[in-house]
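The numbering of the sequence shown is the UniProt record's numbering, which starts it at 1 and goes up by one. Heads up, the beta-carbon is just placed ideally off N, CA and C, and yes, glycines get one too. Computed from a predicted structure; not experimentally measured.
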Amino acid sequence: MDICGLHILQHFGDGGSYNKMKCSCSGYERLLELASVCPDEDAPREKEELMFHNDDGSCQLVVVERNLRASDLCHLLALKNRVAKDASWTIVEQWVDLGLERSLEDHEEVLAVYHDMETNGKHTDKRFIFRKDFCKYEFFHSPQQFFPTDMVDPSACDQVLEPNALQVLVTSADECPVIGSQMWVREANKQVWSKVFMLLRDATLYVSHKVQVVSKLLRKMPNK
1 MDICGLHILQ HFGDGGSYNK MKCSCSGYER LLELASVCPD EDAPREKEEL MFHNDDGSCQ
61 LVVVERNLRA SDLCHLLALK NRVAKDASWT IVEQWVDLGL ERSLEDHEEV LAVYHDMETN
121 GKHTDKRFIF RKDFCKYEFF HSPQQFFPTD MVDPSACDQV LEPNALQVLV TSADECPVIG
181 SQMWVREANK QVWSKVFMLL RDATLYVSHK VQVVSKLLRK MPNK
């Protein structure tokens, strides 16, 4: 039989107790030539021509090379779209069918993100969007707005130094509050995402595909 130009000859003995296999090529040079003639189609490429959509319906084709970070690509796309450079420009990874999107962080390599998207969602509609995200650095500029005053009880807080705050929280004997949220997850052997509802109470994580189940469980939990 032929395997990408490599001929394998099978000889069956009279007794049929074993198979002998001989290769029609000789030496290692032939194998090296074979590797160059038949490249691995699934191996990640060093560069790809990718399309980046704008909110006005236009788009730009850009050859993205390996190690090109999102922040550098934003500068390039700003030039191609003839818009002013701004720190709020970002690359958005959008999964159209699932209604999900996220802004790439500045340090992320765009080509690596693209390869992950292709691997994990071969049959899913997805794309990159070039747009402004004014909340991109808001957490660092104004972190207090993410923690409203009604979420914090100053009278119940211990006066600890900031470097030791995490250690005190982890080692404290006090119980943590119940936290619940919905999430999109994908199993390792599947190509589709599913929505699940999670509830974290003490050291136990409850997961269900039905929000009614989590709500019922929450109502049955004793108040402490």
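| field | Collapsed DSSP secondary structure at Val62 in the structure displayed | value | strand
| said: For the structure I just gave you, are there three or more beta carbon pairs, one from the region 69-81 and one from the region 106-126, closer than 8 Å? | reply: Three or more beta-carbon pairs separated by less than 8 Å link the region 69-81 to the region 106-126, which places the two stretches in contact.
| Cβ shell of Ala92 (< 8 Å), same chain only, five flanking positions each side left out | According to the sequence provided, residue 92 is Val. The question's Ala does not apply to it. The answer, listed in chain order, is Glu101, Arg102, Ser103, Leu104, Phe128, Ile129, Phe130, Arg131, Asp133.
| query | Straight-line CA distance for residue 251 to Asp97? | reply | Residue coverage of the chain in this structure runs from 1 to 224, which leaves residue 251 outside it and unanswerable.
| task | Count the other CB atoms, across all protein chains shown, that sit within 10 Å of the CB of Phe52; report buried if there are 16 or more and exposed otherwise. | result | Per the 10 Å Cβ criterion, buried.
| Can you give the Cα-Cα distance for Arg219 and Ala112, rounded to whole angstroms? | Approximately 44 Å between the Cα atoms of the pair.
| Would Leu199 be called buried (16 or more neighbouring beta carbons within 10 Å of its own) or exposed? | buried
| Just the Cα atoms here: how many angstroms apart are Val185 and Tyr114? | Spanning the two alpha carbons is a distance of roughly 19 Å.
| said: Just to confirm before moving on: does the CB-CB distance between Glu49 and Arg66 stay below 8 Å? | reply: no
| said: With distance defined between alpha-carbon atoms, name the residue in Val178, Glu187, Val62, Leu79 nearest to Ala203. | reply: Of the candidates Val178, Glu187, Val62, Leu79, the one whose C-alpha sits nearest the C-alpha of Ala203 is Val178.
| field | Candidates Lys126, Phe146, Asn120: closest to residue 225 by CA position | value | Summary: the structure shown does not reach residue 225, with the chain confined to residues 1 through 224, and so no result is reported for it.
| request: Give the C-beta separation of Trp95 and Gly57 to the nearest angstrom, bearing in mind that I take them to be a contact with Cβ-Cβ under 8 Å. | output: The Cβ separation is near 19 Å, so there is no contact.
| message | Taking the beta carbon of Thr149 as the centre, do at least 16 other beta carbons fall within 10 Å, making it buried, or is it exposed? | response | exposed
| task | With a threshold of 16 other CB atoms inside 10 Å of the CB of Val64, please say whether the residue is buried or exposed. | result | buried
| query | Looking only at C-alpha atoms, which of Lys190, Tyr206, Met183, Thr90 sits nearest to Thr124? | reply | Lys190
| task | Tell me whether Thr119 is buried or exposed, calling it buried when 16 or more other Cβ atoms sit within 10 Å of its Cβ. | result | exposed
| query | According to the neighbour-count rule (16 or more other Cβ atoms, all chains shown, within 10 Å of its Cβ), is Val110 buried or exposed? | reply | buried
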